[in-house]
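In the working numbering, the protein residues as written are 1280 to 1556. C-beta: ideal position from N, C-alpha, C; glycine also. What you are looking at is a predicted structure, and each value in this text was computed from that prediction instead of being measured. The structure under discussion appears below in the form of structure tokens.
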Amino acid sequence: MDIRYEVSPKDVKRYTTEELRESFLVESLFKEGEISFTYSHYDRLVIGGAIPTKEELTLDAGDTLRTEHFLERREIAIIHIGGGKGKVKVNGESYKLEKRDCLYVGKGNEQVTLHSDSSADPARFYLVSATAHKNYPTRLLPIAEAEPTHLGSDAESNNRTIYKYVHEDGIQSCQLMVGMTLLEPNNMWNTMPAHVHDRRMEAYLYFDMEPASRVFHFMGQPNETRHMLIENEQAVISPPWSIHSGVGTSNYTFIWAMAGENYTFKDMDFVPVEELK
1280 MDIRYEVSPK DVKRYTTEEL RESFLVESLF KEGEISFTYS HYDRLVIGGA
1330 IPTKEELTLD AGDTLRTEHF LERREIAIIH IGGGKGKVKV NGESYKLEKR
1380 DCLYVGKGNE QVTLHSDSSA DPARFYLVSA TAHKNYPTRL LPIAEAEPTH
1430 LGSDAESNNR TIYKYVHEDG IQSCQLMVGM TLLEPNNMWN TMPAHVHDRR
1480 MEAYLYFDME PASRVFHFMG QPNETRHMLI ENEQAVISPP WSIHSGVGTS
1530 NYTFIWAMAG ENYTFKDMDF VPVEELK
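In structure tokens form, the structure reads like this:
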């Protein structure tokens, strides 16, 4: 499990491009036949990627969590981001997932395994886990049943649809919040005007991108912005003190996941574009 420590915004002001990427960019989450995890000290969020092929893959606490099983003190959301059909078994009960479906699994579930229907066309699962103090029911939410919210416009290059999976009025959780944003063709901007929310961190996974496409992900304090170039299926850890916005060389999809103190979308502090530097 890759470990990422908290970083002071004062230090980030002096970071080189490579130091910025080493601290906040997760470049290789998806490897065939493996589960790859990155553990962030920001709100103890864990993100991961899994591609089961011939054999099932099992959630394992490993040496980092120091618990008997992965979900002993945690909850997790599993989103199918592409590839062939797959399923997740939770204590023996099977849940079928197709692209953009989300499965939430609550605290205390001991056996969680990931499967692909075909090893020739394996499923690709994105995993997001936060600490939990209580068990909430396991629940599958297919993309077809998720309520869409349409925002933006072609004129602003941000015509997009947001699907909220795990949130206050959707799948219930302790502190995990997860959703997905799809940008329409010829639309490239997300989360502009930018905002911060000091009470919770966020992680972004960018996907559905062509190999040559890139997203310019903007971060940093509003008066000290920085950027990183992101490739397909790479993730970014966004600190609570940082803005998080992006623009692509073409349209893309991203999954946003949050953990922290506030379980609401009403705590955002927006930053007018003219105040960004």
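Taking the alpha-carbon positions, what's the residue i to residue j distance?
i: GLY1327; j: PRO1416; result: 22 Å
i: TYR1321; j: GLN1513; result: 18 Å
i: ASN1530; j: GLY1362; result: 19 Å
i: ARG1345; j: GLU1553; result: 47 Å
i: LEU1382; j: TYR1374; result: 8 Å
i: GLY1539; j: ARG1283; result: 17 Å
i: LEU1406; j: ALA1329; result: 8 Å
i: PRO1551; j: PHE1309; result: 36 Å
i: MET1467; j: VAL1526; result: 5 Å
i: SER1307; j: LEU1350; result: 23 Å
i: ASP1339; j: GLU1301; result: 25 Å
i: GLU1297; j: MET1507; result: 10 Å
i: ARG1493; j: GLU1463; result: 16 Å
i: PHE1404; j: TYR1444; result: 15 Å
i: ARG1479; j: MET1537; result: 7 Å
i: TRP1520; j: GLU1285; result: 11 Å
i: ARG1505; j: THR1295; result: 10 Å
i: VAL1325; j: LEU1304; result: 14 Å
Under a Cβ-count criterion, where at least 16 other Cβ atoms within 10 Å of its own Cβ denotes burial, should residue i be classed as buried or exposed?
i: ALA1356; result: buried
i: GLY1312; result: exposed
i: ARG1293; result: exposed
i: PRO1331; result: buried
i: SER1432; result: exposed
i: PRO1401; result: buried
i: GLU1377; result: exposed
i: LEU1430; result: exposed
i: GLU1354; result: buried
i: ASN1502; result: exposed
i: GLY1371; result: exposed
Between which residues of its own chain and residue i is the CB-CB distance below 6 Å, once the five residues before and five after are set aside?
i: MET1280; result: PHE1316, TYR1318, GLY1341, THR1343
i: ARG1323; result: THR1410
i: VAL1369; result: VAL1384, ASN1388, VAL1391, THR1417
i: THR1532; result: LEU1461, PHE1486, ASP1487
i: LEU1393; result: ALA1329, PRO1331, LEU1336, VAL1367, PHE1404
i: THR1428; result: ILE1441
i: HIS1348; result: ALA1340, GLU1389
With DSSP as the reference, label residue i as helix, strand or coil.
i: ALA1491; result: coil
i: ARG1283; result: strand
i: LYS1375; result: strand
i: ALA1423; result: helix
i: PHE1486; result: strand
i: ASP1290; result: helix
i: VAL1552; result: helix
i: PHE1497; result: strand
i: LEU1462; result: strand
i: GLU1481; result: strand
i: SER1315; result: strand
i: GLU1351; result: coil
i: LEU1324; result: coil
i: THR1392; result: strand
i: PHE1558; result: What is shown of the chain runs 1280 to 1556, which leaves residue 1558 out entirely.
Sort the options by Cα distance to residue i and report the nearest one.
i: PRO1490; options: ILE1509, ASP1290, ASN1414, ILE1522; result: ILE1509
i: GLU1481; options: ASP1448, LEU1455, VAL1494, ILE1358; result: LEU1455
i: ASN1465; options: CYS1453, GLU1435, TYR1444; result: GLU1435
i: LEU1419; options: HIS1429, GLN1390, GLN1451; result: GLN1451
i: ALA1473; options: GLY1499, VAL1457, LEU1484, ILE1360; result: GLY1499
i: ASP1548; options: ASP1477, PHE1533, PHE1349, PHE1497; result: ASP1477
i: LYS1386; options: SER1408, SER1395, GLU1306; result: SER1408
i: TRP1535; options: VAL1286, GLU1426, LEU1350, HIS1446; result: HIS1446
i: LYS1556; options: THR1528, ALA1402, LEU1393, ILE1522; result: ILE1522
i: ASP1396; options: ARG1439, LEU1304, GLU1354, LEU1336; result: LEU1336
i: SER1398; options: THR1295, THR1440, GLU1334; result: GLU1334
i: ILE1358; options: THR1528, ASN1438, ALA1425; result: ALA1425
Please decide whether residue i counts as near chain E, where near means a Cβ-Cβ distance under 9 Å.
i: PRO1501; result: Considering every chain present, this structure includes no chain E. It has just one protein chain.
Could you pull out every residue in the same chain whose Cβ sits closer than 7 Å to the Cβ of residue i, ignoring the five residues on either side in sequence?
i: LYS1545; result: none
i: ILE1422; result: ARG1379, ASP1380, TYR1442
i: LYS1413; result: LYS1386, CYS1453
i: SER1524; result: ASN1469, THR1470, MET1471, ALA1473, PHE1497
i: SER1517; result: MET1480, GLU1481, ALA1482, TYR1483, MET1498, HIS1523
Can you tell me whether residue i sits near the ligand GDP, meaning its C-beta is under 8 Å from at least one heavy atom of the ligand?
i: THR1504; result: With respect to the ligand GDP, the structure offers nothing, as it holds no ligand at all.
Using a Cβ-Cβ cut-off of 8 Å (strictly less than) and excluding sequence neighbours within five positions of residue i, which residues of its own chain qualify?
i: SER1287; result: none
i: ARG1439; result: HIS1429, LEU1430, GLY1431, THR1460, LEU1461, LEU1462, GLU1463, ASN1466, ASN1469
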